[in-house]
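**Q** Residues in the sequence shown are numbered from 126 upward in steps of one, following our numbering. The beta carbon of each residue, even a glycine, is placed where N, CA and C say it ideally should be. Attaching a single structure in structure tokens format; questions to follow.
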Amino acid sequence: MFAMNGPRAEAAATTYCRQFDSSSPGAHPPGVSSRPTWRGPGRRQGPKLALTGALAAALVAALGSCGGDAGAPSRAPAAGPATSATGRTAPVVAAPVDPLTPTAGTRPDPAAAQPAEPTPARLRFLAVGDIMLSRRVAHAMREAGDLQLPFRALADQFAAVDFTFANLESPFSSRDGFGIGPAHNFNTPPSHIQGLVAHRFSVVTLANNHALDQGVAGLRFTLEHLDAHGIQHVGAGMDPAAAWQPAIVDRHGIRVGFLGASYASVNDSGRSRNPYVARLDQDKRLAAAMASLRPEVDYLAVAMHAGREYLEPVDDTQRRFARRAIDLGADVVLGSHPHVAQAVELYQGKPIFYSLGNFIFDHEPEPTRQGLMVRTTLRATAPAAAATERVTVEQMELAVVIIEGRSTPRAATDAESTAVLARIGVTDPILLPRRGDPR
Ligand SMILES: [Zn+2]
């Protein structure tokens, strides 16, 4: 359980909520933050305002809707099935020094000097944003002859955690077609699952506006394909009950639960409705799912697919859903869909990542190539602790990734990381424990 209550939580909230303090009467009109979020040290507000204004408009114009076509492929797709990775060595993008280099196995463990005290169990997991294994990402994989290309540069990071969670924005389809459909209609060849499997992606949310890009048959195929490869999924199913079915990942005796919901189930701004995707406005289903999942897990993450594409301000739909999820017992909300990183807020002591941005995607404009990775370390408390206090968040840290080659995220340099975090109002990548708390 998140060990953050009372004054400590309030202090944290004042730090992170400053930029989206919707509780202030008349603070801003609905859906619009009145305060610029770019408040990094030494930065003027000018660039930020320019980004959320003219540049954002240009981005929207250039990119269209979710997964918009940011330019033509560099070469025409070749015919035939995806190339096997067998026998080919993929180019690995050089990873610069990462301030969040995994410490698994290297961290001095105080318990080690005291053999009488058993080492407490720990679970580490990553949460990342939008993954799209179609379109130009598929081209890059094919050109490299490496179906795991997009995962190579961060392989050490994936290996240092127990599992990774992501928003899977592109459905798999048995209609191979080499991963290329219309610009806004993703189609992932079945073989492209191997990067997810090899790099410990144990659970994904399918609650997004591309869930039905390959129709109901494509969704069914995706569900079965993930099942067959041991990857759990949330947020979509063959009926509403299945779409609201949680996933539980159990490692070292620590159980982490996931649910997912989206503003839309097809790419039509949420207008049409169907029974296949969990929706943000299904209040009763959310409450029921949370009530049954909460007692089953030590830590509960809710994935939210919402917000305005290519814009940094958080909108009211995101804020309302995320805060409601936490009021219902979520420990963290993991946002995706805007394709750019958005603000982080501590609400009731629980973090809301309004948008983690892209993780594996082919967009070109710089903000869409900057993604966030949340690394959470959960630690089991003393066995004698009450069941509801079995687990605490030992650390939560934020890492920035930069997507190269329209496909492959790498760790950001220190300078890149500082700039991106400053843009979303984060001055310390270690979000928990708070500065001044014991670390
Ligand atoms: Zn989306």
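For the pair the segment 494-506 and the segment 519-531, tell me if three or more CB-CB distances fall below 8 Å.
**A** Segments in contact, yes.
**Q** Confirm, please, whether the CB-CB distance from residue 379 to residue 516 is below 9 Å.
**A** On the sequence shown, position 391 is the one that residue 516 refers to. On the sequence shown, position 254 is the one that residue 379 refers to. Yes, these two residues count as a Cβ contact at 9 Å.
**Q** Would the beta-carbon of residue 325 fall within 9 Å of that of residue 284?
**A** For the purposes of this step, residue 325 is identified with residue 200 of the sequence shown, where counting begins at 1. For the purposes of this step, residue 284 is identified with residue 159 of the sequence shown, where counting begins at 1. Yes, they are a contact pair.
**Q** With a CB to CB cut of under 6 Å and the five nearest residues on each side skipped, what residues in its chain are close to residue 557?
**A** Translated into the one-based positions of the sequence shown, residue 557 becomes position 432. Correct list, in chain order: 518 and 521.
**Q** Going by DSSP, which residues form a beta bridge with residue 266?
**A** Walking along the sequence shown from the start, residue 266 turns up at place 141. Its beta-bridge partners do not exist; DSSP assigns none.
**Q** Nearest-angstrom Cα distance between residue 196 and residue 266?
**A** Here the question's residue 196 lines up with position 71 in the sequence shown. Here the question's residue 266 lines up with position 141 in the sequence shown. Residue confidence for residue 196 is low, a pLDDT of 34 falling below 50, so the modelled location carries little weight and cannot support an answer.
**Q** Do you know offhand how far residue 396's Cα is from residue 444's?
**A** Reading the sequence shown from its first residue, position 271 is the one you call residue 396. Reading the sequence shown from its first residue, position 319 is the one you call residue 444. When rounded, the distance between both Cα atoms is 20 Å.
**Q** May I ask you to list the residues that DSSP assigns as paired with residue 476?
**A** Looking up residue 476 in the sequence shown gives position 351. 471.
**Q** Among the candidates 318, 337, 286 and 290, whose CA atom is the shortest distance from the CA of residue 311?
**A** To locate residue 311, count along the sequence shown from 1; it is residue 186. Comparing Cα-Cα distances from residue 311 to each of 318, 337, 286 and 290, the minimum goes to 337.
**Q** Can you tell which of 548, 474 and 442 has its C-alpha closest to the C-alpha of residue 455?
**A** Position 330 of the sequence shown, counting from 1, holds the residue named residue 455. If we check each option's Cα against that of residue 455, 474 comes out closest.
**Q** When we look at the beta-carbon of residue 400 and count the other beta-carbons within 10 Å, is it buried (16 or more) or exposed?
**A** Sequence index remark: in the sequence shown, residue 400 carries index 275 (1-based). By the neighbour-count rule (16 or more Cβ atoms within 10 Å), residue 400 is not buried but exposed.
**Q** Under 8 Å by Cβ, that's how I've got residue 411 and residue 453 pegged, so tell me the actual separation to the nearest angstrom.
**A** Position 286 of the sequence shown holds residue 411. Position 328 of the sequence shown holds residue 453. Indeed they touch by this definition, with Cβ atoms about 7 Å apart.
**Q** Which first and last residues belong to the alpha helix (DSSP H) in which residue 391 is found?
**A** Against the sequence shown, residue 391 aligns to sequence position 266. Neither: residue 391 is in no alpha helix (DSSP H) and is coded neither H nor E.
**Q** Any chance the CB of residue 334 is under 8 Å from a heavy atom of ligand 1?
**A** Residue numbering aside, residue 334 sits at position 209 when the sequence shown is read from its first letter. Yes, Cβ of residue 334 sits closer than 8 Å to a heavy atom of ligand 1.
**Q** Mapping the DSSP letters down to three states, classify residue 367 as helix, strand or coil.
**A** Walking along the sequence shown from the start, residue 367 turns up at place 242. The answer is helix: DSSP assigns residue 367 an H, G or I state.
**Q** If we require 4 or more residues per run, which alpha helix (DSSP H) segments fall completely within the segment 391-464?
**A** As far as the segment 391-464 is concerned, its whole alpha helix (DSSP H) runs of at least 4 residues are 408-418 and 441-452.
**Q** Check whether the segment 268-288 touches the segment 455-469, taking contact to mean three or more Cβ pairs, one atom from each stretch, closer than 8 Å.
**A** They do not touch, by the three-pair rule.
**Q** Going along the chain, which residues of its own chain have a beta-carbon closer than 7 Å to the beta-carbon of residue 321, five neighbours each way excluded?
**A** For this step, residue 321 is matched to residue 196 along the sequence shown. Same-chain partners within the cutoff: 356.
**Q** Considering only C-alpha positions, which residue in the set 263, 418, 387 and 403 is nearest to residue 318?
**A** Position 193 of the sequence shown, counted from the first residue, corresponds to residue 318. The option with the nearest alpha carbon to residue 318 is 263.
**Q** Check whether the Cβ of residue 461 sits closer than 8 Å to any heavy atom of ligand 1, and report yes or no.
**A** Here residue 461 corresponds to residue number 336 of the sequence shown, with the count starting at 1. Correct: residue 461 has its Cβ closer than 8 Å to ligand 1.
**Q** Just verifying my parser: in three-state terms, what is the DSSP assignment at residue 519?
**A** As a working mapping, residue 519 is identified with position 394 in the sequence shown. Of the three classes helix, strand and coil, the one that applies to residue 519 here is strand, per DSSP.
**Q** Could you check whether the Cβ of residue 324 sits closer than 8 Å to any heavy atom belonging to ligand 1?
**A** Stepping through the sequence shown from its first residue, residue 324 is reached at position 199. Checking every heavy atom of ligand 1 against the Cβ of residue 324, none is found closer than 8 Å.
**Q** Sort 551, 548, 553 and 505 by Cα distance to residue 377 and report the nearest one.
**A** On the sequence shown, position 252 is the one that residue 377 refers to. Measuring from the Cα of residue 377, the nearest candidate turns out to be 505.
**Q** How should residue 275 be labelled, buried or exposed, when 16 other C-beta atoms within 10 angstroms of its C-beta is the threshold for buried?
**A** Here the question's residue 275 lines up with position 150 in the sequence shown. With 16 or more Cβ atoms within 10 Å of its Cβ, residue 275 is classed as buried.
**Q** Ligand 1 and residue 393: does any heavy atom of the ligand fall closer than 8 Å to the residue's C-beta?
**A** The count along the sequence shown starts at 1 and reaches residue 393 at position 268. No, the beta carbon of residue 393 sits no closer than 8 Å to any heavy atom of ligand 1.
**Q** Hey, how far is the Cα of residue 131 from the Cα of residue 342?
**A** What you label residue 131 is simply residue 6 of the sequence shown in a count that begins at 1. What you label residue 342 is simply residue 217 of the sequence shown in a count that begins at 1. Only weak support is given to the placement of residue 131: the predicted model assigns it a pLDDT of 33, under 50, and the question is left unresolved by the model.
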